[in-house]
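Enquirer: Pasting a structure below so you can have a look.
Numbering (the numbering used here), first residue to last: 4 to 185.
In structure tokens:
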């Protein structure tokens, strides 16, 4: 991360435009904040002022988030795309590179978080089930439900499943297909 604080309001706006252009998709406020602030040292208040200004001058469009109306989704407008093309090189190369390198792993990590699901389901006051699922895009690769007994056992199953879902999926699939472990 670039350690020196970026405090020039215009540069912060250029950075936000650049980040949205490199993301090449709609992003939530939370995602935009992480993508920008994790890559360079910008004060959150200055970031928010710059973002609000970009929305006001219609370089960025705000869309409502169907899940949470308080968490908007942002996308570049045509004016924003043109402005980014014009001003992109006003951002120091070391900041642009940092942001560009951070975007792909960030979205891969978010995709992984959405593809692995595990939850604790109470049966009664003292007994629990665990539901685990692994998805590829919107298609389920595996959905399992286990009786776990106690809350502690259920929490342990969830932790282990989330820590290594690919290994668990591979071992279950190998068992079902009758493959011998080496």
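Cβ atoms here follow ideal geometry from the backbone N, Cα and C, with glycine treated the same way.
1. Below 8 Å, can you find three or more Cβ-Cβ pairs linking the stretch 167-179 to the stretch 135-153?
2. By alpha-carbon positions, which one of 80, 59, 43 and 9 ends up nearest to residue 29?
3. Which residues in the same chain have their Cβ closer than 6 Å to the Cβ of residue 37, if we skip the five residues on either side of it in sequence?
4. Measuring only the C-alpha atoms, how far is residue 22 from residue 118?
5. Could you give the DSSP three-state label for residue 42: helix, strand or coil?
6. Within a Cβ cutoff of 8 Å, which residues of the same chain sit near residue 98, ignoring the five residues on either side of it in sequence?
7. Below 8 Å, can you find three or more Cβ-Cβ pairs linking the stretch 77-93 to the stretch 58-69?
8. With burial defined as no fewer than 16 other Cβ atoms inside 10 Å of the residue's Cβ, what is the status of residue 179: buried or exposed?
9. Counting Cβ pairs closer than 8 Å, one from the stretch 102-113 and one from the stretch 126-143, do we hit at least three?
10. Within 10 Å of its beta-carbon, does residue 48 have 16 or more other beta-carbons around it, so buried, or fewer, so exposed?
11. Where does residue 154 sit, in a helix, a strand or coil, going by DSSP?
12. Check whether chain B comes within 8 Å of residue 63, counting only Cβ atoms and requiring the distance to be less than that.
13. What are the start and end residues of the alpha helix (DSSP H) that includes residue 26?
14. Tell me the DSSP secondary structure of residue 125 in three-state form.
15. Just verifying my parser: in three-state terms, what is the DSSP assignment at residue 30?
16. If I'm right that residue 133 touches residue 94 with Cβ under 8 Å, what's the distance once you round it to whole angstroms?
17. What beta strand (DSSP E) runs, 3 residues minimum, are completely inside the stretch 60-96?
18. Can you tell me which of the three DSSP states residue 132 falls into?
Expert: Taking the definition as stated:
1. With the cut-off at 8 Å, the stretch 167-179 and the stretch 135-153 touch.
2. For residue 29, the closest of 80, 59, 43 and 9 by C-alpha to C-alpha distance is 80.
3. Hits under 6 Å: none found.
4. One C-alpha to the other measures close to 24 Å.
5. When DSSP states are grouped into helix, strand and coil, residue 42 belongs to the coil group.
6. Taking residue 98 as the centre and dropping the five residues before and after it, the same chain places the C-beta of 5, 9, 18, 42 and 43 closer than 8 Å to its C-beta, in chain order.
7. Put simply, the stretch 77-93 touches the stretch 58-69. At least three CB pairs are less than 8 Å apart.
8. It counts as exposed.
9. Too few Cβ pairs lie closer than 8 Å, so no.
10. So residue 48 ends up on the exposed side.
11. If DSSP states are grouped into helix, strand and coil, residue 154 belongs with the helices.
12. Checking the listed chains, one finds no chain B in this structure; it contains a single protein chain.
13. Counting along the chain, the alpha helix (DSSP H) containing residue 26 begins and ends at 12-26.
14. Looking at residue 125 - three-state DSSP - the assignment turns out to be strand.
15. Three-state DSSP puts residue 30 in a strand.
16. Contact doesn't hold; Cβ gap of about 47 Å is too wide.
17. List check, beta strand (DSSP E) in window: 63-66 and 76-79.
18. Three-state result, residue 132: strand.
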